[in-house]
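Peer 1: Please read through the structure below; I'll follow up with questions.
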Amino acid sequence: MITLLSFSLVFYSYSLAEPIKAAIITFDDGMLTQYTYAKPILDKYNFKATFYIICNSVDKENRMNWNNIQTLEEEEHKIGSN
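Last residue of the sequence shown: 87 in the numbering used here, with the numbers rising by one and none dropped.
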């Protein structure tokens with residue numbers, strides 16, 4: 006997995022004449038659909054993402070619970086808060 010910092014270091018180390026193919030995948034707010042719909046697609050292609058969670062919304066309607074978040078972390082996705 007490439008972090009935003011790693012991406013910026015790699016990006017600026019290449020000349021602009023040499024295109025690089027990279028993407029940073031992020032999800033905001035800890036919606037349950039990110040776990041139920043996006044995670045299987047990430048798993049299929051072995052992609053990793055960063056999930057930004059609103060801590061006060063965990064376990065609320067249509068939001069991820071702590072078990073979902075722990076699973077993401079155990080599968081080497083990055084977890085942040087906002």
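Backbone N, C-alpha and C fix where the C-beta goes; we use that ideal spot for every residue, glycine too.
Please classify I58 as buried or exposed, where buried requires at least 16 neighbouring CB atoms within 10 angstroms.
Peer 2: Translated into the one-based positions of the sequence shown, residue 58 becomes position 53. Label assigned to I58: buried.
Peer 1: Check the DSSP bridge columns for G85 and list the partner residues they point to.
Peer 2: Along the sequence shown, read from residue 1 onward, the residue named residue 85 stands at position 80. For G85, which the question treats as bridged, DSSP gives the partners Y57.
Peer 1: Tell me the rounded alpha-carbon separation between I74 and F56.
Peer 2: Counting from 1 along the sequence shown, the entry for residue 74 is found at position 69. Counting from 1 along the sequence shown, the entry for residue 56 is found at position 51. Straight-line measurement puts the Cα of F56 at about 9 Å from the Cα of I74.
Peer 1: Classify G123 as buried or exposed, calling it buried when 16 or more other Cβ atoms lie within 10 Å of its own Cβ.
Peer 2: Missing from the structure shown is residue 123; the chain here goes from 6 to 87 and no further.
Peer 1: What does the alpha-carbon distance come out to for the pair M69 and G35?
Peer 2: Reading the sequence shown from its first residue, position 64 is the one you call residue 69. Reading the sequence shown from its first residue, position 30 is the one you call residue 35. Computed Cα separation, rounded: 6 Å.
Peer 1: Tell me the DSSP secondary structure of F12 in three-state form.
Peer 2: As a working note, residue 12 is residue 7 in the sequence shown. In the structure shown, F12 sits in a helix (DSSP, three-state: H, G or I).
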